Structures are given as C-alpha cells and as structure tokens.
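>
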Amino acid sequence: MKITVEKIRAMKGRERISMLTAYDYSTAKVMDQAGIDIVLIGDSLGMVVLGFDTTQKVTMQDMIRHTGAVARGIKNSHIVADMPYKSYDNEKDALKNAKLLLEAGADSVKTEKKPEIAGFLVKNGINVMGHIGLTPQTITNFKVQGKDYETAKKIKEEAIALEKAGCYSLILECIPMRLAKDITKAVKIPTIGIGAGPYCDGQVLVINDMLGLFTDFKPKFVKRYAELSSIMKKAVEDYNKDIKERKFPDDEHSFH
Ligand code: KIV
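With the sequence shown counted from 1, adding 2 to any position gets you this note's numbering.
#1: Return yes when the Cβ of V206 is within less than 8 Å of the Cβ of I274, no when it is not.
#2: Counting Cβ pairs, one atom from each stretch, are 3 or more of them under 8 Å apart for the segment 98-105 and the segment 47-58?
#3: So for E139, helix, strand or coil by DSSP?
#4: Using only CA atoms, which one of S171, K236, V7, K156 lies nearest to I177?
#5: Is G53 close to the ligand KIV? I mean its beta-carbon at under 7 Å from any heavy atom of the ligand.
#6: Helix, strand or coil for M21? Go by DSSP, reduced to three states.
#7: Quick check on H258: buried or exposed, where buried means 16 or more other Cβ atoms within 10 Å of its Cβ?
#8: Taking 8 Å as the threshold (C-beta atoms), are I38 and M13 in contact?
#9: Can you name the start and end residues of the beta strand (DSSP E) that L193 belongs to?
#10: Can you give me the start and stop residues for the beta strand (DSSP E) that S171 sits inside?
#11: Would you list, in sequence order, the uninterrupted beta strand (DSSP E) runs of no fewer than 3 residues that lie entirely inside the segment 92-124?
#12: At a cut-off of 7 Å, would you count L42 as near the ligand KIV, judging by its Cβ distance to the nearest heavy atom?
#13: Which value, in whole angstroms, describes the spacing of the CA atoms of F216 and T6?
#14: Extract the residue ranges of the alpha helix (DSSP H) inside the segment 188-239, only unbroken runs of 4 or more that lie entirely within it.
#15: Would you check if the distance between the CB atom of Y27 and the CB atom of V82 is smaller than 8 Å?
#16: May I ask whether a heavy atom of the ligand KIV can be found less than 7 Å away from the beta carbon of D45?
#17: Quick check on DSSP: helix, strand or coil for V7?
#18: Looking at C-alpha atoms only, which residue of A106, Y90, V41, V111 is the closest neighbour of S79?
#19: Tell me whether K116 is buried or exposed, calling it buried when 16 or more other Cβ atoms sit within 10 Å of its Cβ.
#20: Can you confirm whether the segment 124-132 touches the segment 163-175 when touching is taken to mean that 3 or more C-beta pairs between the two stretches lie within less than 8 Å?
#21: Would you kindly work out how many angstroms separate the C-alpha atoms of Y25 and M33, rounded to a whole number?
#22: Hey, would you say the C-beta of I10 is under 7 Å away from at least one heavy atom of the ligand KIV?
#23: In three-state DSSP terms, what is I2?
#24: Grab me the residues of F122's own chain with a C-beta within less than 8 Å of its C-beta, minus the 5 sequence neighbours each way, in chain order.
#25: Bridge partners for L164 per DSSP, in chain order?
#26: Between which two residues does the alpha helix (DSSP H) carrying V72 extend?
#27: Does the Cβ of T142 lie closer than 7 Å to at least one heavy atom of the ligand KIV?
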C-alpha cells in the first residue's frame, strides 16, 4: 500500500520511520521491496553521483530526471524530491518547480528552512518536508549545528515555524541528540534524523554512504551496512583479468 503523508504523520509515537536516498530505478526498486517507508531523491545526488563538491550545482533538470527514474522503481514507498538550490527563492519559482517534481513522480518535496516558502507551497496543495540543522545548500560551516544555547534556540524556533507553515515532517541534520529530542517533543509532526541521535521519530541516510559506495569521506553518523566499493573493485579486477587472459567471453556466454 502506498505510504501517504497522512500515514507518515500518524507514525509519530507509534512506529519509527525508515528513509533512504535513491537516485536511480534499480536502487529504488530494492528499497521499495525492502519496505523502506520514504525514499528521497536528495540533492546529495550532486556529490555522490555527479561528483561535484557541493549540492549547489544540482539543477532542476537533474532532479526531474532522477525523480522519474526513482519513481519508476517504486510501488509503495513515499517519494520525496529535494528542491535544488535556487529553485525556491521566490513563491512563483517554488510553485512552478515543485509542480514539475510532482509531475516527474514525487509524492512530496523537501525544502531547506524557508518557512514562508514552505507555507506558500502547502497552501497551494503541495506536501512539504522541512529540513533544518545542517542545511548543505546554504551553510558554510559543515559542523554539528546548535551546540550553544543561542543556535540551539534558533533551530528549535525554525522547527516550530516549519510545523506552523504546514510541513508534514522535518529532517534534523547534524544536531546534538538532546536538541533533537527536545524538538521531537515540541512538534506534533515526525522528525527524521541524520546525525541527530536516537530520539527522532525516524532516520535517514544517504544510500551511497550506508552501502560503502561513496568513500571520499565518512561522517561520524554514518553506519556502513556493506562495503560495496571493495566488492565492486574486486569484481571489476576479476573481469579485467579474464579479458586480458582470454577467459571471457567463453563458450557458455557465446551464441552458437
Ligand atoms: O540530499 C540529501 O541526501 C538530504 C539528506 C541528507 C536528508 O537532504
């Protein structure tokens, strides 16, 4: 059964929400079959798939293409598409671009901060997931956010503003677990953490990180469930060797 925003809201306090990023059809299909609640086409696409050093270089065209690919692999999971940098600077652009992502197959969109834009989208019938704490599109200091009283207070206020704006859930990225616990208690919508400790209503990771496929760096909060990069390297080395030694293609893999 398709996971709707109503179901996600109702999961708060009842069932933990599982979420992962995906960028392509095959990976999305595995996630759907594995029962992941929410699949996010994150703008982390820019770094782990396209090889940029920032998410800021991701365009609407990139997001539309990859949202379509993911959506074609999914039957049940809720599909969230990230609104890329500069695609929601004003109400008109935000609405136009959010509609394009929904047309590509997303069930809802995610914006970083900007409660006034999130509120405008919600008023226009778009389901919005908020994102606070470390927000890669605008931040320059890639460290844990909200470690002192003033910044923690500001992040909590942002959470409340996004809830008031009508967001159906909130990503809390890279904040101390005590602050995440406090925000999770303070809002009625589910919080989904990444580097925010165990007290959120759900958890998200970047698939390339948790599978050990992206190895340029590993944030402390990433738990690796596989080491795919080494497995792939070994397979590619074996293939290379077979070619050089004329072991492949053999009779079994040839047409008669
Ligand atoms: O782009 C992304 O992958 C994200 C997650 C880290 C939440 O926004």
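We put the CB at the ideal spot given by N, CA and C, even for glycine. Since this is a predicted model, take the numbers as computed values, not measurements.
Result, derived from the coordinates:
#1: Residue 274 lies beyond the stretch modelled for the chain, which goes from 3 to 258, so this question has no answer here.
#2: no
#3: The count along the sequence shown starts at 1 and reaches residue 139 at position 137. Sequence check: residue 139 is Gln here, not Glu. Looking at Q139 - three-state DSSP - the assignment turns out to be coil, as it is neither helix nor strand.
#4: The sequence position of residue 177 within the sequence shown is 175, counting from 1. Checked all of S171, K236, V7, K156; the closest Cα to I177 is K156.
#5: One-based indexing of the sequence shown puts residue 53 at position 51. No, the ligand KIV has no heavy atom inside 7 Å of this Cβ.
#6: For the purposes of this step, residue 21 is taken as residue 19 along the sequence shown, with counting starting at 1. In the structure shown, M21 sits in a strand (DSSP, three-state: E or B).
#7: If you number the sequence shown from 1, residue 258 lands on position 256. By the 10 Å Cβ count, H258 comes out exposed.
#8: Position 11 of the sequence shown, counted from the first residue, corresponds to residue 13. Position 36 of the sequence shown, counted from the first residue, corresponds to residue 38. No, the pair does not count as a contact, with Cβ atoms beyond the cut-off.
#9: Taking the first residue of the sequence shown as position 1, residue 193 is located at position 191. Looking at the sequence shown, residue 193 is not Leu but Thr. Residues 193-196.
#10: Within the sequence shown, residue 171 is the residue found at index 169, counting from 1. Element bounds for S171: 171-175.
#11: 110-112
#12: In the sequence shown, residue 42 corresponds to position 40, counting from 1. Checking every heavy atom of the ligand KIV against the Cβ of L42, one is found closer than 7 Å.
#13: Walking along the sequence shown from the start, residue 216 turns up at place 214. Walking along the sequence shown from the start, residue 6 turns up at place 4. About 30 Å.
#14: 209-212
#15: For the purposes of this step, residue 27 is identified with residue 25 of the sequence shown, where counting begins at 1. For the purposes of this step, residue 82 is identified with residue 80 of the sequence shown, where counting begins at 1. Contact: no.
#16: Within the sequence shown, residue 45 is the residue found at index 43, counting from 1. D45: yes, Cβ under 7 Å from the ligand KIV.
#17: Indexing the sequence shown from 1 puts residue 7 at position 5. Residue state, collapsed to three classes: helix.
#18: Counting from one through the sequence shown, the residue named residue 79 turns up at place 77. Out of A106, Y90, V41, V111, V41 has the C-alpha closest to the C-alpha of S79.
#19: Counting from 1 along the sequence shown, the entry for residue 116 is found at position 114. It counts as buried.
#20: yes
#21: Position 23 of the sequence shown, counted from the first residue, corresponds to residue 25. Position 31 of the sequence shown, counted from the first residue, corresponds to residue 33. For Y25 and M33, the distance between alpha carbons rounds to 11 Å.
#22: In the sequence shown, counting from the first residue as 1, residue 10 sits at position 8. No, the Cβ of I10 stays beyond 7 Å of every heavy atom of the ligand KIV.
#23: Residue 2 cannot be examined here, being either before or after the span of the chain that is shown, 3 to 258.
#24: For the purposes of this step, residue 122 is taken as the residue at position 120 of the sequence shown. Closer than 8 Å at Cβ, skipping near neighbours: E93, A96, L97.
#25: In the sequence shown, residue 164 corresponds to position 162, counting from 1. DSSP output for L164 lists no bridge partner at all.
#26: Start at 1 with the first residue of the sequence shown, and residue 72 comes out as number 70. Counting along the chain, the alpha helix (DSSP H) containing V72 begins and ends at 62-74.
#27: One-based indexing of the sequence shown puts residue 142 at position 140. Result no, Cβ not under 7 Å from the ligand KIV.
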